[in-house]
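Peer 1: Below: one structure in structure tokens.
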């Protein structure tokens with residue numbers, strides 16, 4: 001596991017053809033690791049019949065909503081958290 | 001950047017959320033059971049199910065009901081694996 | 001049934017209320033069973049499993065967490081192990097994680113990419129949870145969505161949305177309503193609604209129940 005809880009991370013902003021579980025709305029955004037989950041088989045490979053090994057570490061990454069949406073209407077403390085695989089994350093500290 | 005049809009977070013919409021309750025119809029429970037039965041037999045996993053759904057043409061995806069997407073995916077994935085022959089299900093339906 | 005010559009089997013004629021997909025689903029099952037790919041029993045077993053769970057199961061977890069702080073800690077630490085204590089097992093996968101609403105934060109759960117939901121504890125998700133409108137706006141305009149659901153949050157409460165994008169399913173532990181101190185655990189469980197465990201409703205307040 002590369003990232004500890006509290007680490008600032010940036011979600012990679014790269015094009016990806018085919019199945020992946022990183023939503024467009026967080027690509028390129030910077031947030032913080034909130035939880036370190038276990039590692040899981042890669043859905044990107046499993047979706048095409050691959051075994052998904054080696055397992056990929058999964059993190060709950062949280063963002064300030066106002067960092068994600070330019071026109072966010074809500075409170076400054078509002079947050080959004082997603083489960084993101086390690087290979088989509090870059091250290092932003 | 002272009003996003004795939006299933007990637008809906010923040011997609012512009014004015015639509016209100018339809019909060020009416022719908023019991024699942026028998027055929028919807030059947031579709032759900034089919035996917036999980038195929039999963040039990042190692043013939044289709046959840047990632048393939050999702051990938052199959054995501055391969056729907058945009059207009060079809062947005063028009064289709066939830067379990068209609070599941071059926072589309074089953075046919076796509078099982079077709080790829082040669083478990084269903086092209087047109088076989090249509091012939092079964094007598095179409 | 002019409003009289004006509006045909007030399008092939010076809011699926012039963014559907015009643016007029018069903019979409020074409022209904023016949024397609026049934027024909028698909030017939031075909032796969034004929035080929036020996038799956039059995040009807042496989043399908044029935046999985047359907048039974050899906051409908052065997054309901055929000056009442058999740059409500060029992062919440063009620064126990066409200067009356068027993070040590071159980072709440074265990075629920076937050078390992079939701080599956082806590083569920084098993086009450087005779088409810090969501091299974092090893094996907095992983096269920098409980099998150100707690102407090103006087104500082106309110107949680108709301110969505111799956112923008114499809115419809116991931118803690119089915120193993122709550123049964124099938126509501127139709128609106130799977131809708132394109134909810135999947136879009138729950139992340140970009142969650143306070144607008146809560147307004148639509150008739151939910152008010154206290155002044156200083158931050159809203160935290162969880163988008164279930166991978167192998168984790170989130171269950172919200174709502175805040176225990178005031179005025180429930182004298183109620184039994186069973187009575188309290190009746191206040192916990194499905195929508196409060198998703199985060200688009202508060203639990204029922206006891207005054208409404210005893211009316």
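Protein chains in written order, with our numbering: chain P, 1 to 93; chain S, 1 to 95; chain D, 1 to 211.
Virtual Cβ for every residue (Gly too), placed ideally from N, Cα, C.
(1) Within the continuous beta strand (DSSP E) that includes residue 56 of chain P, where are the two ends?
(2) Since residue 168 of chain D meets chain P, which of its residues come closer than 8 Å, beta carbon to beta carbon?
(3) Within 10 angstroms of its Cβ, does residue 45 of chain S collect 16 or more other Cβ (buried), or is it exposed?
(4) Just to confirm, is the Cβ distance from residue 50 of chain D to residue 124 of chain D under 8 Å?
(5) Counting only Cβ-Cβ distances shorter than 7 Å, please list the residues of the stretch 150 to 168 of chain D near chain S, keeping chain order.
(6) Excluding five sequence neighbours on each side, which residues of the same chain lie with their C-beta closer than 6 Å to the C-beta of residue 153 of chain D?
(7) Since residue 83 of chain P and residue 164 of chain D should fall inside the 8 Å C-beta cutoff, what is the C-beta to C-beta distance between them, to a whole number of angstroms?
(8) Should residue 8 of chain P be flagged as near chain D, meaning a C-beta pair shorter than 8 Å?
(9) How long is the line joining the alpha carbons of residue 183 of chain D and residue 65 of chain P, rounded to whole angstroms?
(10) Span of the alpha helix (DSSP H) holding residue 144 of chain D?
(11) So, with DSSP's three-state summary, where would you put residue 36 of chain P?
(12) Let's test the definition: count the other Cβ atoms within 10 Å of the Cβ of residue 40 of chain D and tell me whether it reaches 16, buried, or not, exposed.
(13) Suppose contacts are defined by Cβ-Cβ distances below 8 Å. Is residue 140 of chain D in contact with residue 10 of chain S by that definition?
(14) Just reading off the beta strand (DSSP E) that residue 98 of chain D is part of, what are its end residues?
(15) Taking 6 Å as the limit between beta carbons, can you name the residues of its chain near residue 180 of chain D, skipping five residues before and five after?
(16) Identify the continuous beta strand (DSSP E) that holds residue 106 of chain D and give its terminal residues.
(17) Please tell me whether residue 3 of chain S has its Cβ less than 8 Å away from any Cβ of chain P.
(18) Does the pairing of the stretch 3 to 18 of chain S with the stretch 22 to 31 of chain P give three or more beta-carbon distances under 8 Å?
(19) So the candidates are D:203, D:108, D:102, D:119; which of them puts its Cα closest to the Cα of residue 155 of chain D?
(20) Would you mind reading off the limits of the beta strand (DSSP E) that contains residue 46 of chain S?
(21) Between residue 14 of chain S and chain P, is there a C-beta pair that is closer than 8 Å?
(22) For residue 117 of chain D, which three-state DSSP category applies?
(23) Anything in chain P within Cβ reach of residue 88 of chain S, meaning under 7 Å, just list it in chain order.
(24) Anything in the stretch 21 to 40 of chain S with a Cβ closer than 9 Å to a Cβ of chain D? List those residues in chain order, please.
(25) Output yes if chain S places a C-beta closer than 8 Å to the C-beta of residue 70 of chain P; else output no.
(26) Can you tell me whether DSSP reads residue 24 of chain P as helix, strand or coil?
(27) Between which residues of its own chain and residue 13 of chain P is the CB-CB distance below 8 Å, once the five residues before and five after are set aside?
(28) Check whether the stretch 190 to 202 of chain D touches the stretch 80 to 92 of chain D, taking contact to mean three or more Cβ pairs, one atom from each stretch, closer than 8 Å.
(29) Just to confirm, is the Cβ distance from residue 98 of chain D to residue 171 of chain D under 8 Å?
(30) Got a sec? Which residues, its chain only, sit under 7 Å from residue 72 of chain P by beta carbon, not counting five neighbours each side?
(31) Where does the unbroken alpha helix (DSSP H) through residue 49 of chain D begin, and where does it stop?
(32) Cβ of residue 17 of chain S less than 8 Å from any chain D Cβ?
(33) For residue 54 of chain P, would you say it is in contact with chain S, using Cβ-to-Cβ distances shorter than 8 Å as the test?
(34) Between residue 30 of chain P and residue 60 of chain D, what straight-line distance do the alpha-carbon atoms span, to the nearest angstrom?
(35) Please name the residue in P:17, P:57, P:75 whose C-alpha comes closest to that of residue 168 of chain D.
Peer 2: So, from the data block:
(1) 56 to 64
(2) 37, 58, 60, 83
(3) buried
(4) yes
(5) 163
(6) 106
(7) 7 Å
(8) no
(9) 38 Å
(10) 142 to 148
(11) strand
(12) exposed
(13) yes
(14) 95 to 100
(15) 188, 206
(16) 105 to 110
(17) yes
(18) yes
(19) D:102
(20) Counting along the chain, residue 46 of chain S falls outside any beta strand (DSSP E), though it belongs to the alpha helix (DSSP H) covering 46 to 54.
(21) no
(22) coil
(23) The premise fails here: residue 88 of chain S is roughly 21 Å from chain P at the closest Cβ pair, so nothing lies under 7 Å.
(24) 21, 22, 24, 25, 26, 27, 28, 29, 30, 31, 32, 33, 34, 35, 36, 37, 38, 39, 40
(25) no
(26) helix
(27) 27, 28
(28) no
(29) yes
(30) 65, 66
(31) 40 to 52
(32) yes
(33) no
(34) 38 Å
(35) P:57
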